[in-house]
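Structure first, then comments.
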Amino acid sequence: MKILPFFVIIPLGSAFLISLLGKKFKKFGDLWANLSTLALFGLSLHSISLVAAHKMLVYKVGGWLPPFGICMVLDGLTSFMLVTVNLVSFLVTVYAVNYMQKFTDKAKFYTLFMLMLAGMHGVIMTGDLFNLFVFLEIASIASYALVAFGTEAEELEASFKYAIMGSVASSFILLAIALVYGYTSTLNLADISLALTQKGGGFLISFASVLFLVGFGLKAALVPFHAWLPDAHPSAPAPISAMLSGVLIKTLGIYAIIRIFFNVFGATTTPVLSIVMFLGVLSMLVGVILALSQWDFKRLLAYHSISQVGYVMLGIGLGTPLGILGGLFHLFNHSVFKSLLFLGSGAVDYSLHTRDLQQMGGLREKMPVTANTNLVASMSIAGIPPFNGFWSKLWIILACVQAYIQSSKMIYIVYALCAIVGSILTLASFMKVQKYAFFGRLNEKWQNIKEVPGLMQLSMVFLALICIVSSLLVMSSFKPFLDSAADALLAGGGYQEAVFANVK
233 MKILPFFVII
243 PLGSAFLISL
253 LGKKFKKFGD
263 LWANLSTLAL
273 FGLSLHSISL
283 VAAHKMLVYK
293 VGGWLPPFGI
303 CMVLDGLTSF
313 MLVTVNLVSF
323 LVTVYAVNYM
333 QKFTDKAKFY
343 TLFMLMLAGM
353 HGVIMTGDLF
363 NLFVFLEIAS
373 IASYALVAFG
383 TEAEELEASF
393 KYAIMGSVAS
403 SFILLAIALV
413 YGYTSTLNLA
423 DISLALTQKG
433 GGFLISFASV
443 LFLVGFGLKA
453 ALVPFHAWLP
463 DAHPSAPAPI
473 SAMLSGVLIK
483 TLGIYAIIRI
493 FFNVFGATTT
503 PVLSIVMFLG
513 VLSMLVGVIL
523 ALSQWDFKRL
533 LAYHSISQVG
543 YVMLGIGLGT
553 PLGILGGLFH
563 LFNHSVFKSL
573 LFLGSGAVDY
583 SLHTRDLQQM
593 GGLREKMPVT
603 ANTNLVASMS
613 IAGIPPFNGF
623 WSKLWIILAC
633 VQAYIQSSKM
643 IYIVYALCAI
653 VGSILTLASF
663 MKVQKYAFFG
673 RLNEKWQNIK
683 EVPGLMQLSM
693 VFLALICIVS
703 SLLVMSSFKP
713 FLDSAADALL
723 AGGGYQEAVF
733 ANVK
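This note's numbering numbers the first residue of the sequence shown as 233 and each following residue consecutively.
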């Protein structure tokens with residue numbers, strides 16, 4: 233259990249060292265950031281074996297027993313999120329070595345990047361509600377600065393809007409935490425769950441649930457709380473766009489929602505899950521419809537982030553083993569293929585200095601690696617077999633059908649049809665991307681462009697391979713990785729018993 237604090241110590245220490253030495257030694261930021269994210273990825277892979285052996289580990293910060301002290305908790309869901317976040321963050325830092333050369337101060341970029349990573353790790357691992365808020369703010373504030381990193385008018389405007397909306401979300405979350413604390417007299421997640429089991433929920437908890445849903449819904453960019461995302465993601469540097477869409481909105485939004493509602497509030501009640509499913513389906517359809525009319529490459533991808541988050545929320549909102557499994561698998565898959573899509577769009581922008589699809593055409597001839605990896609990611613997000621997106625979407629659709637068979641409620645069939653329609657529209661959207669960007673006749677003004685540098689290619693190729701290989705997660709030998717995460721959610725209120733049993 234002593235490895236748990238290192239998920240926060242390493243990125244915080246790295247941020248300090250890079251800010252101190254990055255300007256003096258030009259390559260120090262590149263080297264240290266990549267070593268740090270590689271070490272964190274290695275630790276997150278090790279956490280899978282720890283969960284398999286112990287089910288749950290609890291680290292008492294400062295030796296103080298919860299609920300009086302803060303604790304860090306490692307279970308199946310924590311391990312799953314750590315692997316997802318650190319896989320993407322490592323490949324993003326590899327990509328950033330070449331990409332960020334066109335910016336003036338890479339040391340500041342890596343410092344903010346590491347602070348954002350420390351915040352995400354803290355949110356994932358903490359067993360304390362207020363501590364979750366503190367780490368959420370660390371990650372959020374770092375991401376506001378990273379969106380504005382180019383300091384152009386577009387970036388500054390997008391960052392300001394993102395900061396305002398993020399502050400509103402944080403206010404809702406903080407008020408909800410205050411209400412929960414006033415009702416239960418504790419901030420420890422397991423202890424809150426225990427108190428609610430003994431006292432039962434009341435009006436205050438119901439009101440706090442609404443506040444949490446709005447606050448974290450804003451962080452996850454669920455419709456109708458999505459207005460900030462289409463501006464923030466296109467404006468940010470490509471590595472940050474990949475982090476924001478790939479893992480940040482899932483960590484600060486989706487993970488926080490499911491951890492609090494399933495493991496703390498024990499959300500097995502139909503009203504809560506029905507709201508989550510409805511918001512998921514609404515996001516799924518609204519996001520993809522808005523994406524169809526976009527010609528800005530990165531803005532189109534941003535709207536698809538809203539849409540794909542809807543699939544995750546639909547699956548998890550079903551509350552069934554298959555639904556939760558499909559939702560979590562799609563969370564992982566989306567982290568991979570959406571990061572690849574944003575890195576690919578960054579590669580195009582790096583070579584062409586434009587994001588307008590109408591000005592592109594025939595790039596496959598000059599940028600074959602970017603074109604082929606983008607094709608893999610496009611097929612994955614559209615749910616074309618045998619790519620990973622097909623399997624996770626299939627599980628979610630089958631879970632809807634299964635829920636209909638068990639309950640005879642037609643709404644589940646409607647949700648399944650919406651998921652299918654969303655996939656068809658997604659395919660149409662990415663066929664447009666392929667046609668206008670990579671296929672067709674090469675635009676004459678791009679005759680002299682070249683493929684992007686090697687490290688950028690390496691990151692894209694590796695993510696493309698994962699889009700294919702992660703389909704193996706549906707096989708029995710890989711499925712325990714997903715099963716342990718799903719079991720952590722299905723345990724519901726059993727989370728409190730497991731935490732207190734491990735503390736003792």
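Note that the Cβ used here is the ideal one computed from N, Cα and C, for glycine as well.
Contact annotation: LEU575 and VAL326 have beta-carbon atoms that are not nearer than 8 Å.
DSSP lists TYR291, THR358 as the beta-bridge partner residues of MET304. Comparing alpha-carbon positions, the option among LYS598, SER311, ILE409 lying closest to HIS278 turns out to be SER311.
Taking all protein chains shown into account, ARG673 has fewer than 16 neighbouring C-beta atoms within 10 Å of its C-beta and is therefore exposed.
The beta carbon of GLU386 sits closer than 6 Å to the beta carbons of SER467 from its chain, once the five residues preceding and following it are set aside; these are given in chain order.
In this structure, SER655 sits near ALA614, with a CB-CB distance shorter than 8 Å. Contact check for TYR668 against GLN590 passes: the beta carbons are separated by less than 8 Å. Contact between MET545 and GLY512 holds, since their C-beta atoms are separated by about 3 Å, short of 8 Å.
Counting along the chain, the unbroken alpha helix (DSSP H) around SER539 starts and ends at 529–549. In the same chain as ALA648, and ignoring 5 residues on each side of it, the C-beta atoms closer than 8 Å to its own belong to ILE629, CYS632, VAL633, TYR636, in chain order. GLY485 is the residue among VAL442, GLY485, TYR331, PHE435 whose C-alpha sits nearest the C-alpha of HIS458.
In this structure, DSSP gives ASP337 a state outside helix and strand, which the three-state scheme calls coil.
Taking THR316 as the centre and dropping the five residues before and after it, the same chain places the C-beta of VAL479, LYS482, LEU563, PHE564, SER567 closer than 8 Å to its C-beta, in chain order.
Distance between ALA464 and ALA470, taken at the CA atoms: about 11 Å. Here DSSP, grouped into helix, strand and coil, assigns ASN675 to coil. Cα atoms of LEU297 and LEU517: separation of roughly 46 Å, rounded to the nearest angstrom.
The C-beta separation of LEU289 from LEU361 comes to about 20 Å, leaving the pair out of contact by the 8 Å criterion.
Ranked by Cα distance from GLN430, the options LEU421, GLY519, THR416 are led by THR416. Below 8 Å, too few C-beta pairs join the region 675–687 and the region 551–559 to call them touching: fewer than three. DSSP, read as helix, strand or coil, puts ASN680 in coil. Here LEU426 has GLN728 as same chain residues with Cβ atoms under 6 Å from its own Cβ, once five neighbours each way along the sequence are excluded. Three or more beta-carbon pairs drawn from the region 335–345 and the region 362–378 are found closer than 8 Å, and the two stretches are therefore classed as touching. Bounds of the alpha helix (DSSP H) holding LYS431 are 421–431. Restricting attention to SER441, LEU704, LYS338, the CA atom closest to the CA of PHE257 is found in LYS338.
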